[in-house]
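Report on one structure; see the data block that follows.
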Amino acid sequence: MEEVPVISMVCPAYNEAEGIPLFLEKLVPVLEKIGKSYEIVFVNDGSEDATLDVLKEEKKRFPRIRIINLSRNFGKEAALTAGLEHARGEAVIPIDTDLQHPPRIIAEFVAKWEEGYDVVAGRRLTRTGEHPLKKMAARLFYRLHNKISDIEIPADIGDFRLMSRKVVEALKLLPENQRFMKGIFAWVGFKTAIVEYYQEERATGTSSFNGWKLWNFALDGITSFSTVPLRVWLYIGFAIASISFVFGLWIVVKTVVFGVDTPGYASTMVMILFLGGIQLMGIGILGEYIGRIYKEAKRRPVYIVEGEY
Ligand code: UDP
Ligand code: MG
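My numbering applies: residue 9 is where the sequence shown begins, and numbers increase by one.
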């Protein structure tokens, strides 16, 4: 039987052909220096470029590479899930292949793990190489998310982390289809240490997260861990109904005391439009959740593996 490695690196890769050789050149010496047995699990997330060929080529140079090739692009969260499920190590470390997560920090992760921490999370001190608007949106998202969710996601902690086998097994117990990994990581808990690092610019290529993708990512995050957007309508409805009741009373009294006065077009229109808008928003939010329930109810697998190399 093949020997089980101590450390598993989990590397989701989507169109990273150009960056992978450089990534390995930085990563492998760090792992060699730690001196424990390791494997590097790449998940090729349906790349349209030569990522798979490059990986196969690199495997000749670094035989500890394992390639999980997905049948199409399933998105980073799914690719990460695939990697975590295929990793065999006692300590599992997800890392981006674009060198935004500096590999040299891994030695610190392992040292903390040996001290007895089950999770060692990387906290980025900078978000170099990110658009100021993205940074602002991210800040806003975390503030809102943490206010309305049962679990808190620290703003500057991402997927770059070490997790013990115990934690990875716990992650596998979460059956949900839509995997908002940051939330799932936070949800499982465990004794956590923090290691700080400076996020670097992407070595090559561009980020595959644009505005619309990020917006949907944020919706996934909030709907995965909070039902506040659903429940808030009860209170909004109650408030509007109370105001309407008082207003209605006032109209009746006015009519009785001063008689009928017909004008009222403006106020009627304003109320119809306002309430119509509010109702549509409420229905829209319901739709967001129902859409997710629908997807979840189909119980489709999170990813499909085309083959392992
Ligand atoms: N990635 C992936 N599938 C995708 C998009 C991204 O596996 O559909 C990988 C990508 O190759 C990289 C990591 O996820 O290793 C982070 O992606 P990216 O750098 O585009 O995101 P950002 O760093 O801007 O959040
Ligand atoms: Mg990146």
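For each residue, glycine too, the CB sits at the ideal point set by N, CA and C.
Of all residues in the structure, which have a C-beta closer than 5 Å to any heavy atom of the ligand UDP, taken in chain order?
-> Chain-ordered list of matching residues: PRO20, ALA21, TYR22, GLU24, ASP53, GLY83, LYS84, ALA87, ASP104, THR105, ASP106, SER215, SER216, PHE217.
Provide the residue span of the beta strand (DSSP E) that contains GLY295, from first to last.
-> By 1-based counting over the sequence shown, the position of residue 295 is 287. Unbroken run through GLY295 is the alpha helix (DSSP H), 273 to 305; no beta strand (DSSP E).
contact_flag[the segment 224 to 233, the segment 174 to 194] where n(CB pairs < 8 Å) is 3 or more | yes
Using 7 Å as the cut-off, classify the Cβ of ARG210 as near or not near the heavy atoms of the ligand MG, replying yes or no.
-> One-based indexing of the sequence shown puts residue 210 at position 202. Answer for ARG210: yes, Cβ within range of the ligand MG.
Are the Cβ atoms of PHE82 and GLY124 separated by less than 8 Å?
-> The residue labelled residue 82 in the question sits at position 74 within the sequence shown. The residue labelled residue 124 in the question sits at position 116 within the sequence shown. No. Outside cutoff.
Does the Cβ of GLN108 lie closer than 7 Å to at least one heavy atom of the ligand MG?
-> Working through the sequence shown from its first residue, we reach residue 108 at position 100. The ligand MG approaches GLN108 closely enough that one of its heavy atoms is under 7 Å from the residue's Cβ.
Got a sec? Which residues, its chain only, sit under 7 Å from GLY213 by beta carbon, not counting five neighbours each side?
-> Walking along the sequence shown from the start, residue 213 turns up at place 205. Hits under 7 Å: ASN23, GLU24, GLU26, GLY27, ASP106.
Three-state secondary structure (DSSP) at VAL310?
-> If you number the sequence shown from 1, residue 310 lands on position 302. In the structure shown, VAL310 sits in coil (DSSP, three-state: anything other than H, G, I, E or B).
Count the other C-beta atoms from every protein chain shown that fall within 10 angstroms of the C-beta of PHE253, then say buried if there are 16 or more, exposed otherwise.
-> Locating residue 253 in the sequence shown gives position 245, where the first residue counts as 1. With fewer than 16 Cβ atoms within 10 Å of its Cβ, PHE253 is classed as exposed.
Just the Cα atoms here: how many angstroms apart are MET9 and ILE42?
-> Within the sequence shown, numbered from 1, the residue matching residue 9 stands at position 1. Within the sequence shown, numbered from 1, the residue matching residue 42 stands at position 34. Reliability of the predicted coordinates at MET9 is poor, the pLDDT of 49 falling under 50, and the value obtained from them is presented with this limitation in mind. Computed Cα separation, rounded: 24 Å.
Thinking just about the alpha-carbon of each residue, which of LYS44, ALA95, PRO29, ASP126 is nearest to the one in LEU63?
-> Within the sequence shown, the letter at position 55 stands for residue 63. LEU63 has its Cα closest to that of PRO29, out of LYS44, ALA95, PRO29, ASP126.
C-beta neighbour in chain C for TYR206, strict 8 Å = The structure shown contains no chain C; it holds only a single protein chain.
Would you give the residue range spanned by the alpha helix (DSSP H) that THR235 belongs to?
-> Here the question's residue 235 lines up with position 227 in the sequence shown. Following the DSSP letters along the chain, one finds THR235 in no alpha helix (DSSP H), marked with neither H nor E.
Cβ-based burial, ARG132 [other Cβ within 10 Å; buried from 16] = Along the sequence shown, one-based indexing puts residue 132 at 124. Per the 10 Å Cβ criterion, buried.
Three CB pairs or more closer than 8 Å across the segment 87 to 104 and the segment 167 to 178 | As far as the Cβ criterion goes, the segment 87 to 104 touches the segment 167 to 178, which means the pair count is three or higher.
Secondary structure at VAL118, three-state DSSP: helix, strand or coil?
-> Residue mapping note: residue 118 aligns to position 110 of the sequence shown, counting from 1. VAL118: helix per DSSP, three-state reduction.
Using 10 angstroms around the beta-carbon of LYS84, count the other beta-carbons present and answer buried if the total reaches 16, otherwise exposed.
-> Taking the sequence shown and counting its residues from 1, the one referred to as residue 84 is at position 76. Answer is buried; the Cβ neighbour count reaches 16.
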